[in-house]
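Reading through the structure tokens given below for one structure.
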Amino acid sequence: MSRGSLTHKMPAWQPWALLLPALATLAALVLVPFVQTVILAFSHDPHGFVPARPGATFENFHILLGDPGWWRAARTTVAFALAAVPAETALGVVLAVLLRQLGRRPRGAVLAVMLLPWAVPGVVAARLWGWMLNDQYGVLNAVLVDVGLIRHGAAWMANPAGMLFVMVIVDIWQATPFMTLLALAGLQAVPPDVVNAARMDGASGWQCFVHVTLPLLRPTLAVAALFRLLDALRMFDLSSVLYGADMNGMTLSVFVQMQIVQFGAAGYGAASALATLGVIGLVAALFWRCAIPPRRGGDR
Amino acid sequence: MRPARLSWRWLALAAACVQTILPLYWAVVTSFRRGPQLFSTALLARPDFGNYRVVLSEPTWWRDAANSLVSAAAVGLIALFLALPAAYALGRMSFRGRRTVLALLLGCAMLPQIAILSGLFTIISRLGLYDRLGGLIFADLSFALPFAIWLLAGFFRDLPRDLDEAAALDGCGLLRRLAMIHLPLIWPGIVATGLLIFMNCWNEFLFALAFTLSESARTLPVGIGLISASGRFELPFGIIMSASLLATLPPVFLVLLFQHRIAAGLTAGEVK
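Residue numbers (the numbering used here), protein chains in the order written: chain A, 123 to 422; chain B, 3 to 274.
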């Protein structure tokens, strides 16, 4: 009823007047460019900075289907996201559980330190790890040789699997703080009474965690992991800085950016961007199906 | 038994902290080294700011830094200015189409940058903003604005409802209500949003790389990313590391100073 009195006084145009400046700007910034991308994707593209001729053709998509470079980038991107995100989620939960047991003050201090990699620019992170993993002068090889784990320095980024592995490692370094933060927020929202009740019934700490805390945490984690997944699937910085134009470590974002900016193929680039959106949507939808089991009939 | 378990936990946390710090520490060590010293793997180095002096004596570095600062600050301010009224409407008012607008905003925020790259390229060239800082600000707003509205709407919604009613009963108009009652209350949320946008734009690479060509509009990440262009094997790692660390200082300071605000912003944006 109190809400009714509020809406009653409000003319219907008022919220839209407040929204208008932002929505108009967004239309110019996102909607128009996106429509342009769609139009470009279906036009004839002569490549090489020659303006595309408008038309309704599937030519670009046809070439894309037979482009091994695009398929390779798609595989790399999906493999990267599916390796990095689950690892970050698991690590985030573990760290959040550990952090939760600290007092307020020390927790804040540790969190601040843990957040640092997240604040580092992606370009800098790529540079840093590229230097540490340098096959000749990298500190990691030197330490591993000194310890006796390996005889000669390993060329970490000499083959496609190694290149993928390095990107996953750097991403875990950068993004785990984010998952830790969200898992911590989720943990703090779990009512302690529920856990205490389970403890009273004789459940062990581990059983409590697996059967009580984790299921309650699941929706929060699923949303956080979905956001992270969408982010990982559009990753650009690491691949671009570490491997440049090397096909072996190229992600979809780098592929599209190269087509548009380096090769001047706006139409082909637009088509590959739309196909990339398709890949991202597909992976995200499949992930969501797995993360959130279908609701049972009585739930809602 | 209890102290033993506690120490095991401390050990795990310490390991996590060391793992986050170690790469940054190694960057600091490398940045102090020059010439053949660079290939030493000793874990300590005598502080030598020679590399920093080289970097800071380059006028191009200062221009890159100024470009980064101006573009990130401008995007933050413009986004907040446009987002506040919209977020107020979405967070405090109930109207038809509200959920649709929110869903569209989330879609905009999650849209990969490459999906609008060709279109933005055409528009920015046509506006004559290519290779200008204005073009980059324009492009960065495309992800900063939906993010700002989404985050601020959440902060507005968390304010108690009674506030509006009491103020409306006192005959307080919409704009006065926004300026006098709500803005002071969601001030922390505004700071968090502004900081997150600033950091995102400071670190942004794709648009900065695509829409700048010459030094005049280049930002720090692009400058650092391009150092490799000269040669693959003779990379000046000492210089690269000192330039990288200098570019990392502002966001790192912001995180250390405003850790609570930033953490609150991040959790608010994603969990709701």
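From the three backbone atoms N, C-alpha and C, an ideal C-beta is built for every residue, glycine too.
>> Taking only three categories from DSSP, how would you classify Arg356(A)?
In response: On the first sequence, position 234 is the one that residue 356(A) refers to. In the structure shown, Arg356(A) sits in coil (DSSP, three-state: anything other than H, G, I, E or B).
> Which residues in chain B sit within 8 Å of Val154(A), going by Cβ to Cβ distance?
Replying inline: Residue mapping note: residue 154(A) aligns to position 32 of the first sequence, counting from 1. Ordered by position in chain B, the residues that pass the 8 Å Cβ test against Val154(A) are Gly121, Ile125.
>> Below 8 Å, how does it come out for the region 76-87 of chain B and the region 350-366 of chain A: are there three or more Cβ pairs, yes or no?
In response: no
> Is the Cβ of Met285(A) closer than 9 Å to any Cβ of chain B?
Replying inline: Stepping through the first sequence from its first residue, residue 285(A) is reached at position 163. Closer than 9 Å: no.
> Under the rule that 16 or more other beta-carbon atoms within 10 Å means buried, what is Arg35(B), buried or exposed?
Replying inline: The residue labelled residue 35(B) in the question sits at position 33 within the second sequence. Buried, since its Cβ has 16 or more Cβ neighbours within 10 Å.
>> At the level of alpha carbons, what is the spacing between Ala234(A) and Ala297(A)?
In response: Indexing the first sequence from 1 puts residue 234(A) at position 112. Indexing the first sequence from 1 puts residue 297(A) at position 175. One C-alpha to the other measures close to 14 Å.
> Given 8 Å as the limit, is there contact between the region 39-56 of chain B and the region 187-196 of chain B, that is, 3 or more CB pairs closer than that?
Replying inline: no
>> Can you tell me whether Arg175(A) is helix, strand or coil according to DSSP?
In response: Reading the first sequence from its first residue, position 53 is the one you call residue 175(A). In the structure shown, Arg175(A) sits in a strand (DSSP, three-state: E or B).
> Mind pulling the chain A residues with CB within less than 8 Å of Tyr90(B)?
Replying inline: Position 88 of the second sequence, counting from 1, holds the residue named residue 90(B). Per Cβ cutoff of 8 Å: Leu140.
>> Measuring only the C-alpha atoms, how far is Glu181(A) from Ala117(B)?
In response: Looking up residue 181(A) in the first sequence gives position 59. Looking up residue 117(B) in the second sequence gives position 115. Answer to the nearest angstrom: the Cα atoms are 19 Å apart.
> So, Phe207(B) versus Pro223(B), is the Cβ gap smaller than 9 Å?
Replying inline: Taking the first residue of the second sequence as position 1, residue 207(B) is located at position 205. Taking the first residue of the second sequence as position 1, residue 223(B) is located at position 221. Their beta carbons are under 9 Å apart, which means Phe207(B) touches Pro223(B) by this criterion.
> Cα-Cα, which of Ile229(B), Ser144(B), Arg128(B) is closest to Gln1(B)?
Replying inline: With chain B represented from 3 up to 274, any question about residue 1(B) goes unanswered, as that position is not in the structure.
> Any residues in the region 388-413 of chain A with a beta carbon nearer than 7 Å to a beta carbon of chain B? Which ones, in chain order?
Replying inline: Ala388, Gly391, Ala392, Ala395, Thr398, Leu399, Ile402
> Hey, how far is the Cα of Ser232(B) from the Cα of Gly366(A)?
Replying inline: In the second sequence, counting from the first residue as 1, residue 232(B) sits at position 230. In the first sequence, counting from the first residue as 1, residue 366(A) sits at position 244. Low confidence applies here, because Ser232(B) scores a pLDDT of 48, under 50, leaving its location unreliable; read the following figure in that light. Distance between the alpha carbons of Ser232(B) and Gly366(A) is about 13 Å.
> Is the Cβ of Val216(A) closer than 9 Å to any Cβ of chain B?
Replying inline: Taking the first residue of the first sequence as 1, we reach residue 216(A) at position 94. Chain B, which has a Cβ nearer than 9 Å to the Cβ of Val216(A), makes this yes.
> Under a three-way DSSP split, which group does His169(A) fall into?
Replying inline: The sequence position of residue 169(A) within the first sequence is 47, counting from 1. His169(A) falls in the coil class under three-state DSSP.
> Which of helix, strand or coil does DSSP assign to Cys174(B)?
Replying inline: On the second sequence, position 172 is the one that residue 174(B) refers to. In the structure shown, Cys174(B) sits in coil (DSSP, three-state: anything other than H, G, I, E or B).
> In chain order, what residues of the same chain have a beta carbon less than 6 Å from the beta carbon of Asp160(B), not counting five sequence neighbours either side?
Replying inline: The count along the second sequence starts at 1 and reaches residue 160(B) at position 158. Taken in chain order, the list of residues that qualify is empty.
> When we look at the beta-carbon of His262(B) and count the other beta-carbons within 10 Å, is it buried (16 or more) or exposed?
Replying inline: Translated into the one-based positions of the second sequence, residue 262(B) becomes position 260. Its Cβ having fewer than 16 others within 10 Å, His262(B) is exposed.
> Thinking C-beta only, is Ala111(B) closer than 9 Å to Pro61(B)?
Replying inline: In the second sequence, residue 61(B) corresponds to position 59, counting from 1. In the second sequence, residue 111(B) corresponds to position 109, counting from 1. For Pro61(B) and Ala111(B), no; Cβs fall outside 9 Å.
> Is Asp160(B) helix, strand or coil by DSSP?
Replying inline: Taking the first residue of the second sequence as position 1, residue 160(B) is located at position 158. In the structure shown, Asp160(B) sits in coil (DSSP, three-state: anything other than H, G, I, E or B).
> Among residues of its own chain, excluding the 5 on either side of Pro228(A), which ones have a beta-carbon nearer than 7 Å to its beta-carbon?
Replying inline: For the purposes of this step, residue 228(A) is taken as the residue at position 106 of the first sequence. Correct list: empty, nothing qualifies.
>> Rounding to the nearest angstrom, what Cα-Cα distance links Leu250(A) and Leu176(B) in this structure?
In response: Within the first sequence, the letter at position 128 stands for residue 250(A). Within the second sequence, the letter at position 174 stands for residue 176(B). So the alpha carbons of these two residues sit roughly 51 Å apart.
> Should Asp359(A) go down as buried or exposed, given a rule of 16 or more other Cβ atoms within 10 Å for buried?
Replying inline: Indexing the first sequence from 1 puts residue 359(A) at position 237. It is buried - the Cβ of Asp359(A) has at least 16 other Cβ atoms within 10 Å.
> Can the beta-carbon of Gly275(A) be found closer than 9 Å to that of Asp257(A)?
Replying inline: Mapped onto the first sequence, residue 275(A) falls at position 153. Mapped onto the first sequence, residue 257(A) falls at position 135. Yes. Within cutoff.
> With distances taken between CB atoms, is the gap from Met301(A) to Gly214(A) smaller than 9 Å?
Replying inline: Position 179 of the first sequence, counted from the first residue, corresponds to residue 301(A). Position 92 of the first sequence, counted from the first residue, corresponds to residue 214(A). A contact, by the Cβ cut-off of 9 Å.
> Among the residues of its own chain, which have a CB less than 8 Å from the CB of Phe51(B), if the five just before and after it don't count?
Replying inline: Here residue 51(B) corresponds to residue number 49 of the second sequence, with the count starting at 1. Only Phe34 meet the Cβ criterion.
> Where does the unbroken alpha helix (DSSP H) through Ile229(B) begin, and where does it stop?
Replying inline: Residue mapping note: residue 229(B) aligns to position 227 of the second sequence, counting from 1. Taken as a continuous stretch (DSSP letters only), Ile229(B) belongs to no alpha helix (DSSP H), as it is neither H nor E.
> Which of the three DSSP states, helix, strand or coil, is assigned to Arg48(B)?
Replying inline: Sequence index remark: in the second sequence, residue 48(B) carries index 46 (1-based). Coil at Arg48(B), not helix or strand.
>> Helix, strand or coil for Ile414(A)? Go by DSSP, reduced to three states.
In response: Taking the first sequence and counting its residues from 1, one reaches residue 414(A) at position 292. Looking at Ile414(A) - three-state DSSP - the assignment turns out to be coil, as it is neither helix nor strand.
> Residues of chain B with a CB under 8 Å from the CB of Arg356(A): which are they?
Replying inline: Position 234 of the first sequence, counting from 1, holds the residue named residue 356(A). Correct list: Pro114, Gln115, Ile116.
>> Do Leu138(B) and Ala210(B) count as a contact pair if the criterion is CB distance below 9 Å?
In response: Position 208 of the second sequence, counting from 1, holds the residue named residue 210(B). Position 136 of the second sequence, counting from 1, holds the residue named residue 138(B). Yes, Cβ-Cβ distance for Ala210(B) and Leu138(B) is below 9 Å.
>> Residues of chain B with CB closer than 8 Å to the CB of Ser375(A), please, in chain order.
In response: Counting from one through the first sequence, the residue named residue 375(A) turns up at place 253. Result: Pro114, Gln115, Ile116, Leu208.
> With burial defined as no fewer than 16 other Cβ atoms inside 10 Å of the residue's Cβ, what is the status of Phe164(A): buried or exposed?
Replying inline: If you number the first sequence from 1, residue 164(A) lands on position 42. Burial call: buried.
>> So that I know if they touch, is there some Cβ in chain A lying closer than 9 Å to that of Val254(B)?
In response: If you number the second sequence from 1, residue 254(B) lands on position 252. Closer than 9 Å: yes.
>> If you measure between the beta carbons of Phe200(B) and Ala270(B), is that distance less than 9 Å?
In response: Your numbering for residue 200(B) matches position 198 in the second sequence. Your numbering for residue 270(B) matches position 268 in the second sequence. For Phe200(B) and Ala270(B), no; Cβs fall outside 9 Å.
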